[in-house]
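Have a look at the structure below before the remarks.
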Amino acid sequence: MNKIKIDDLRNVVKEAYEKVKGIQGGKNADYIPFLAKIDPNLFGIAVCLPTGEVIEAGDTNYVFGIESVSKVFTAVLVLKQYGAEEILNKIGADATGLPFNSIMAILLEKDHPSTPLVNAGAITADSMVKPIGDSEGKWSAIIDNMAALSGSELVLLDELYKSETATNFNNRSIAWLLKNYNRIYDDPDMSLDLYTRQCSMGVTAKQLAIAGCTMANDGLNPVTQEQVFDPELAPKITSLVATVGFYEHTGDWLYTSGIPAKSGVGGGVIGIMPGAFGIAAFAPPLDEAGNSVKAQAAIKYITQKLKLNIF
Ligand code: DON
14 MNKIKIDDLR NVVKEAYEKV KGIQGGKNAD YIPFLAKIDP NLFGIAVCLP TGEVIEAGDT
74 NYVFGIESVS KVFTAVLVLK QYGAEEILNK IGADATGLPF NSIMAILLEK DHPSTPLVNA
134 GAITADSMVK PIGDSEGKWS AIIDNMAALS GSELVLLDEL YKSETATNFN NRSIAWLLKN
194 YNRIYDDPDM SLDLYTRQCS MGVTAKQLAI AGCTMANDGL NPVTQEQVFD PELAPKITSL
254 VATVGFYEHT GDWLYTSGIP AKSGVGGGVI GIMPGAFGIA AFAPPLDEAG NSVKAQAAIK
314 YITQKLKLNI F
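Each residue of the sequence shown is one higher than the last, beginning at 14 in my numbering.
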């Protein structure tokens, strides 16, 4: 990979912000009422370096719904608790080539939720979080892990949690279908509720960039200096993100951006450039696959301009 000059990175982040902020197109997620109401003009970019420096532009301290980006965090937690091989056996590390909430993907794979980074695998992952059978103990493990990765606590957006719980019918089907295939390792309704709650956590682009850098930095949080996970897990995490981070558009994403990244319907994207930095961008309007239009444009602008590419 091209060696990064920090001054160039600082300038290109600013440039990306200016070039992308006026882009029109996309619309807020509307299947969760809370998300439909968020100001569509919010936009921020943050890059965190292994030195702990965070380069920021725009609304990087605005607290938005983490949504599917939380799947990466809980994948880290179950990888820590079970090890890489058991996660491969119980969940998998494959792309589905289908939307994030696909029931078809479960039926096609028979009993296999494919990856912890789609809804089915994420609900299985939540069912696996230890201590089994203890909803509050599991929740503490989930949020403590989120705080360790991002260097500060995330807060539950209660209105988002209520909004998601009232509308998550498809995910309820997924949880019980997985139960039918013996791929739920705790109470299905509890596992679904943990998934819904983790998606409803509020996060900032700055926190996501720090978490991305912890992942890019072999598990060492650059701000707190805590070793959050074993360095051996770092390539497993990045490979999961690279494989399915943009669902059915992951190939297009990697082909054009060169960086493993994961999106959420709250408008956030986290990117991991191994050994170099973590990046996050946030803007609510999404494309038809549920990925933030501006966040994608901003991250691509930066990687293309600096000729950064993991391949
Ligand atoms: O499962 C859901 O519908 C949401 N809570 C999370 C979906 C999500 O963020 C998909 N990513 N682009």
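All residues carry an ideal CB built from backbone N, CA and C; glycine is no exception.
Handout entry: Nearest-angstrom Cα separation, counted from residue 28 out to residue 18
Key = 15 Å
Handout entry: Alpha-carbon to alpha-carbon, residue 280 and residue 325
Key = Lying before the first or after the last residue shown, residue 325 is absent from the chain, which here runs from 14 to 324.
Exercise for the section: Check whether the Cβ of residue 113 sits closer than 8 Å to any heavy atom of the ligand DON, and report yes or no. Expected result: yes
Practice task
Going by CA-CA distance only, name the one from 98, 52 and 233 that's closest to residue 77.
Solution key: 52
Problem - Per-residue burial, residue 69 [other beta carbons within 10 Å of its own, 16 or more giving buried] - result: buried
Practice task
Report buried or exposed for residue 144, applying the criterion of at least 16 other Cβ atoms within 10 angstroms of its Cβ.
Solution key: exposed
Problem - Stretch-stretch touch, CB-based, cutoff 8 Å, three pairs: the stretch 198–211 with the stretch 258–267 - result: no
Exercise for the section: Report the three-state DSSP secondary structure of residue 69 (helix, strand or coil). Expected result: strand
Handout entry: residue 282 vs residue 295 beta-carbon contact at 9 Å
Key = yes
Exercise for the section: Look at residue 228 and residue 140 and say whether their C-beta atoms are less than 9 Å apart. Expected result: no
Exercise for the section: Sort out for me which residues DSSP pairs residue 59 with in a bridge. Expected result: 69 and 293
Problem - Assigned exposure category for residue 102 - 16 Cβ within 10 Å defines buried - result: exposed
Exercise for the section: Compare the Cα-Cα distances from residue 98 to each of 126, 306, 318 and 249 and report the closest residue. Expected result: 249
Practice task
Verify whether the separation of the beta carbon atoms of residue 284 and residue 297 is less than 9 Å.
Solution key: no
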